[in-house]
Every structure is written in structure tokens, then in C-alpha cells.
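Visitor: Each residue of the sequence shown is one higher than the one before, counting from 1 in UniProt numbering.
For each residue, glycine too, the CB sits at the ideal point set by N, CA and C.
These figures come from a predicted structure and were not determined experimentally.
Dropping a structure here in C-alpha cells format, bear with me for questions.
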Amino acid sequence: MKKSRLDAIAQRQASAPPDMVAVTEWLKSKSKMRVHIGLWAGKKVEYFKGRAAIKALQSPEYAKVKGVPAVTDEASAIQVLNDVLSHDFYKQVYRTTTKTPKALAVSDDFGSAMNKDGYYMWFYEGSQMWTYVGGFALVLAILAGVMYPVWPQQLKGYAWYVSIAGLILIGAYFALGGVRLVIWAVTRIMYPYGLWIFPQMFADVGIVETFQPLYEWDSADSGKKKKKKKKEEKEEEKEKESKKERRARKQAAAETVETVEETKSE
């Protein structure tokens with residue numbers, strides 16, 4: 001996407017009313033709706049399914065948020081999401097590959113209406129305050145590390161204890177990973193399904209979400225369901241690609257006809 005288009009998106013976001021910004025902030029940071037990681041323009045991005053956003057706006061948590069439009073049913077949730085979409089806080093995308101992370105492509109052919117089964121990529125980064133704070137803290141940490149030889153002896157002792165504690169935490173994390181694998185293997189042998197402790201432990205989620213939920217049963221036919229889901233996704237992507245190719249052929253044919261007519265008129 002060209003820089004001029006990104007600038008135009010930034011301008012539309014800047015012109016958004018406060019209630020639309022509040023909805024966007026809540027959806028992106030506090031809604032806990034499921035997000036996926038994809039690739040766009042050579043970098044990792046977050047995207048979500050329309051159905052997840054609609055469900056999030058109908059949740060009791062959203063009803064408690066102040067300064068946002070009221071949502072009473074699915075239709076009003078879709079209307080709010082359409083209003084947010086009109087300010088380009090996110091745009092509809094389609095997946096161009098089946099491997100993970102999936103490559104994404106932005107298309108303006110989808111229109112401006114929220115689609116339950118559509119995928120939407122965030123173009124909103126939110127407040128950059130914590131990014132700047134984190135960068136400043138990183139610089140201070142690097143400077144402190146460089147100056148380690150001149151630290152007081154007592155401070156060096158504290159640093160040693162902190163480093164040992166960090167190593168213990170890392171070791172405990174991977175040990176827990178081994179324990180959960182053993183528990184899953186044992187329960188899978190004893191039952192037609194396995195028990196996962198902290199099922200999202202190694203998922204690409206936040207620190208809090210890593211330990212939520214506490215456990216989850218892995219059904220015996222989950223593998224079949226995953227294969228079926230992947231097959232459906234592949235068929236859906238093929239259908240979208242074929243539609244895109246048909247549109248391209250129609251556009252090329254129209255341009256050819258226009259060129260021929262111009263040649264005849266000359």
C-alpha cells in the first residue's frame with residue numbers, strides 16, 4: 001500500500017469522533033476477542049473475524065464501557081462496526097496462502113459493510129506512549145549494563161540474585177510445558193481424549209491469556225475437525241481467488257473494448 005493511501009487512512013482516523021475511537025480502543029485492547037496473526041507488506045499484523053467483533057460488542061463487558069454507542073442486538077452491533085470501518089481503523093482483507101502465518105491482501109472491492117465471515121486487519125496502532133516508555137527503559141537498561149564494571153559491589157550482588165531468579169522462572173516455564181505434555185499423553189492413553197493444562201501456554205497471545213483457561217479437554221475427533229476446517233478454508237480461498245480473477249478478466253476485457261472504440265473513432 002502506497003504511503004499516500006496510508007496517510008489518507010491516518011487522516012480519516014484522526015477525524016473520527018471520540019465514541020468511535022473509544023469503541024476501537026476497547027475492541028483492540030480490552031475486548032479479549034480472538035485475533036489471528038498474519039503477514040502483510042512483509043510484517044506481522046493482527047486481524048480478526050467479523051463474527052468475533054459482533055459477538056464482542058454484544059457482551060456484558062461492552063455494556064459497561066462509558067462513552068461508546070449503545071448496542072442492543074446484532075443489527076446495532078453491525079451498525080457500530082460499520083461506522084468504525086468507515087474511519088479505516090480496520091479494513092477487510094483476504095488470505096492468499098494456507099500456511100501459517102497466512103499472507104493477507106487488502107481489497108477495496110468488499111465495500112463498507114461488516115461481513116460476519118469476513119476478515120479484518122487492524123490499521124490502528126493506538127496510543128504510542130507505552131512504546132516510547134519501553135524504548136526509553138530499554139536504553140536505560142543498556143546503559144546500565146555497559147556500566148556494570150563500575151557498579152557498587154552490593155548492587156552487583158542484587159543483580160546476581162535477580163538473574164538467578166529469572167533463570168529459575170524460565171526453567172520452571174519449560175518444566176511446566178513438559179509436565180502438561182506428560183499429563184496430556186497419560187490422559188490420552190486412558191481416555192479417548194487428552195487433558196491440556198494451560199492450553200494456550202505456547203500460543204501467540206498476551207501474558208495473561210497464556211494461562212487462560214486453566215485446562216481444556218482435547219476431543220478424539222479434534223484432528224478431524226481441524227482437517228475439515230482447513231479444507232473449508234482452502235475452498236473458501238480458492239473461491240475468492242477465482243472471483244478476483246474473473247473481475248480482473250472483465251476489467252481487462254472492458255479496457256480492450258474501450259481501446260478498440262477509441263481506435264475506431266480516430
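Would you kindly report the start and end of the unbroken alpha helix (DSSP H) that includes Trp160?
Guide: Its alpha helix (DSSP H) spans residues 153–190.
Visitor: For Ile183, which residues from the same chain have a beta carbon less than 7 Å from its beta carbon, with the 5 sequence-adjacent residues on both sides left out?
Guide: Leu195, Ile197, listed in sequence order.
Visitor: DSSP state of Val84, grouped into three classes?
Guide: The answer is helix: DSSP assigns Val84 an H, G or I state.
Visitor: Quick one, which of Leu39, Val84, Tyr161 has its alpha-carbon nearest Lys102's?
Guide: Nearest option by C-alpha distance: Leu39.
Visitor: Just verifying my parser: in three-state terms, what is the DSSP assignment at Arg95?
Guide: The answer is strand: DSSP assigns Arg95 an E or B state.
Visitor: Does the distance from the CB of Met121 to the CB of Val45 come in under 8 Å?
Guide: Yes, the pair counts as a contact, with Cβ atoms nearer than the cut-off.
Visitor: What does the Cβ neighbour count give for Ile170, buried or exposed, with the cut at 16 atoms within 10 Å?
Guide: Classification of Ile170: exposed, given that the 10 Å Cβ count is below 16.
Visitor: Does DSSP put Pro17 in a helix, in a strand, or in coil?
Guide: Reduced to three states, the DSSP call for Pro17 is coil.
Visitor: Give the secondary structure of Lys66 by DSSP, where H, G and I count as helix, E and B as strand, and everything else as coil.
Guide: Note: Lys66 maps to coil in three-state DSSP.
Visitor: Between Arg34 and the rest of its own chain, which residues show a CB-CB distance below 6 Å, the 5 nearest in sequence each way excluded?
Guide: Only Ala52 meet the Cβ criterion.
Visitor: Considering Cα atoms alone, identify which of Leu104, Tyr94, Phe174 is closest to Asn115.
Guide: It is Tyr94 whose Cα lies nearest to the Cα of Asn115.
Visitor: Less than 8 Å separating the beta-carbons of Val71 and Gln58?
Guide: Contact flag set, yes.
Visitor: If I follow the unbroken beta strand (DSSP E) through Ala203, where does it start and stop?
Guide: Counting along the chain, Ala203 falls outside any beta strand (DSSP E), and DSSP gives it neither H nor E.
Visitor: Taking the C-alpha atoms as reference points, what is the distance between His87 and Ala175?
Guide: Those two C-alpha atoms are separated by around 46 Å.
Visitor: So, are the CB atoms of Thr98 and Ala105 less than 8 Å apart?
Guide: Not a contact, by the Cβ cut-off of 8 Å.
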